[in-house]
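Trainee: Numbering (the working numbering), first residue to last: 6 to 258.
#1: Going by DSSP in three states, residue 104 sits in which element: helix, strand or coil?
#2: Sorted by chain position, which residues of the same chain lie with C-beta nearer than 6 Å to residue 69's C-beta, five sequence neighbours on each side aside?
#3: Take residue 168 as the anchor and find which of 145, 24, 53 has the nearest alpha-carbon.
#4: Would you kindly work out how many angstroms separate the C-alpha atoms of residue 100 and residue 36, rounded to a whole number?
#5: For residue 160, name the three-state secondary structure that DSSP assigns.
#6: Kindly indicate the opening and closing residues of the alpha helix (DSSP H) around residue 36.
#7: Tell me whether residue 34 is buried or exposed, calling it buried when 16 or more other Cβ atoms sit within 10 Å of its Cβ.
#8: When you compare only the Cα positions, how much space is there between residue 245 and residue 140?
#9: Starting from residue 178, trace the alpha helix (DSSP H) in both directions and tell me its first and last residue.
#10: Let me make sure I understand the geometry here. Which of 193, 215, 237, 224 has the alpha-carbon closest to that of residue 60?
#11: To the nearest angstrom, how far is the alpha carbon of residue 137 from that of residue 130?
#12: Would you kindly work out how many angstroms separate the C-alpha atoms of residue 71 and residue 220, rounded to a whole number?
#13: Taking the C-alpha atoms as reference points, what is the distance between residue 78 and residue 174?
#14: Report the option in 119, 108, 96, 147 whose CA atom is closest to the CA atom of residue 265.
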């Protein structure tokens with residue numbers, strides 16, 4: 006994938022958190038209708054299905070929805086798939102390509118198996134490391150953080166995606182750590198707080214609690230997903246060959 010010329014600083018320097026917010030806000034203003042459409046078309050049906058499939062587990066765990074139950078593991082996969090696929094909107098925004106909800110879902114479906122393979126390998130290394138000495142698990146989570154985004158950016162997966170993620174994080178490790186730490190502190194704190202508050206409410210059924218709580222959680226996280234995709238795109242462009250060739254607008258397909 007070639008870098009674009011022009012004056013956009015995203016191709017020239019690592020962006021500050023303020024600049025990342027600015028670019029993400031512009032992207033949101035341009036694509037907010039399509040972004041909201043893909044969000045609800047993705048999460049609403051899946052959360053309804055999970056509410057039905059895991060209704061017995063939800064009834065048993067109740068307010069413990071945040072613990073590592075089966076539904077929590079499935080949710081982690083679903084969140085990673087969606088947040089990685091949002092890179093398609095980032096690519097379309099900065100490279101002046103055409104993106105629509107149907108293109109988004111077709112591309113996601115096309116890359117779903119490689120993406121799930123990459124996410125599974127990532128989870129395997131993280132969980133294995135945590136069970137052994139904890140530190141290797143933290144190391145894997147940090148250095149493989151961009152592996153799923155690379156599936157959509159460069160059509161690589163598995164060990165190749167993990168290796169490229171390691172190279173990218175190693176090149177910008179301090180910036181990756183600082184931005185990721187700030188985003189994750191807000192994201193995880195908000196999620197934990199909403200789960201606690203939700204557990205104190207008198208819900209008629211645990212399935213409704215699960216659906217409403219996680220739909221709200223992911224909606225609030227939505228901007229963070231986009232910002233992290235912009236952050237990845239910025240760093241990856243700085244490592245790309247310096248072929249600054251303008252390309253005409255085209256379909257992501």
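Even glycine gets a Cβ: it sits at the ideal position worked out from N, Cα and C.
These figures come from a predicted structure and were not determined experimentally.
Mentor: Reading off the structure:
#1: Taking the chain shown and counting its residues from 1, the one referred to as residue 104 is at position 99. The answer is coil: DSSP assigns residue 104 none of H, G, I, E or B.
#2: Counting from one through the chain shown, the residue named residue 69 turns up at place 64. Reliability fails at residue 69, whose pLDDT of 48 lies under 50, so the model's placement of it is uncertain and no value is given.
#3: Residue numbering aside, residue 168 sits at position 163 when the chain shown is read from its first letter. Nearest to residue 168 by alpha-carbon distance, out of 145, 24, 53, is 145.
#4: In the chain shown, residue 100 corresponds to position 95, counting from 1. In the chain shown, residue 36 corresponds to position 31, counting from 1. In this structure, the straight-line span from the alpha carbon of residue 100 to that of residue 36 is close to 14 Å.
#5: Along the chain shown, read from residue 1 onward, the residue named residue 160 stands at position 155. In the three-state scheme derived from DSSP, where H, G and I count as helix and E and B as strand, residue 160 is classed as coil.
#6: Your numbering for residue 36 matches position 31 in the chain shown. Bounds of the alpha helix (DSSP H) holding residue 36 are 22-58.
#7: One-based indexing of the chain shown puts residue 34 at position 29. Exposed, by the Cβ-count rule.
#8: On the chain shown, residue 245 is found 240 positions in, with the first residue counted as 1. On the chain shown, residue 140 is found 135 positions in, with the first residue counted as 1. So the alpha carbons of these two residues sit roughly 31 Å apart.
#9: Here the question's residue 178 lines up with position 173 in the chain shown. Residues 178-205.
#10: Indexing the chain shown from 1 puts residue 60 at position 55. Among 193, 215, 237, 224, the Cα nearest to that of residue 60 belongs to 215.
#11: For this step, residue 137 is matched to residue 132 along the chain shown. For this step, residue 130 is matched to residue 125 along the chain shown. So the alpha carbons of these two residues sit roughly 10 Å apart.
#12: Translated into the one-based positions of the chain shown, residue 71 becomes position 66. Translated into the one-based positions of the chain shown, residue 220 becomes position 215. Residue placement at residue 71 is flagged as unreliable, the pLDDT there being 44, under the threshold of 50; the coordinate-derived value follows with that caveat. Their Cα atoms are separated by approximately 14 Å.
#13: By one-based count along the chain shown, residue 78 stands at place 73. By one-based count along the chain shown, residue 174 stands at place 169. Each residue's Cα considered, the two are about 25 Å apart.
#14: Given a span of 6 to 258 for the chain in the structure shown, any question on residue 265 remains unanswerable.
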